[in-house]
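Participant: In this note's numbering, the protein residues as written are 109 to 202.
Below are the structure tokens for one structure; questions will follow.
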């Protein structure tokens, strides 16, 4: 499997990690997963300017994920409510 280098850049540091992925198509979704993990771990820190860049083995940039976009996507998600055990419109007698 090909290796990919993930560079997460925030205001004061750059974190680099490498992972093997089955294809280049998985690089962007994996970078988004990593961004979610960072945002959850550091909720009290402003991460809006942080980005993750993904490079293939040859050093070509294959994906860029802006944390601000990930945060915006998170805020658009609607909470999933539990489905009602009752059928809608059915009145049960007791």
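Where a beta carbon is used, it is the ideal one built from N, C-alpha and C, also for glycine.
Closest to residue 113 by CA distance: which of 119, 124 and 154 is it?
Facilitator: Mapped onto the chain shown, residue 113 falls at position 5. Residue 113 has its Cα closest to that of 124, out of 119, 124 and 154.
Participant: Between the Cα of residue 147 and those of 109, 111, 180 and 110, spot the shortest distance and give me the residue it belongs to.
Facilitator: Numbered from its first residue, the chain shown carries residue 147 at position 39. Nearest of 109, 111, 180 and 110 to residue 147, Cα basis: 180.
Participant: Evaluate residue 158 with the Cβ neighbour count: other Cβ atoms within 10 Å of its Cβ, from every protein chain shown; 16 or more gives buried, anything less gives exposed.
Facilitator: As a first step, residue 158 must be located in the chain shown, where it is residue number 50. It is buried - the Cβ of residue 158 has at least 16 other Cβ atoms within 10 Å.
Participant: Along the alpha helix (DSSP H) that carries residue 97, what are the first and last residues, could you check?
Facilitator: As shown, the chain starts at 109 and ends at 202. That puts residue 97 outside it, with no answer to give.
Participant: For residue 112, which residues does DSSP report across the bridge?
Facilitator: Stepping through the chain shown from its first residue, residue 112 is reached at position 4. 127, per the DSSP bridge assignment.
Participant: For residue 142 versus residue 160, is the C-beta distance shorter than 9 Å?
Facilitator: In the chain shown, the residue the question calls residue 142 occupies position 34. In the chain shown, the residue the question calls residue 160 occupies position 52. Cβ atoms of residue 142 and residue 160: closer than 9 Å.
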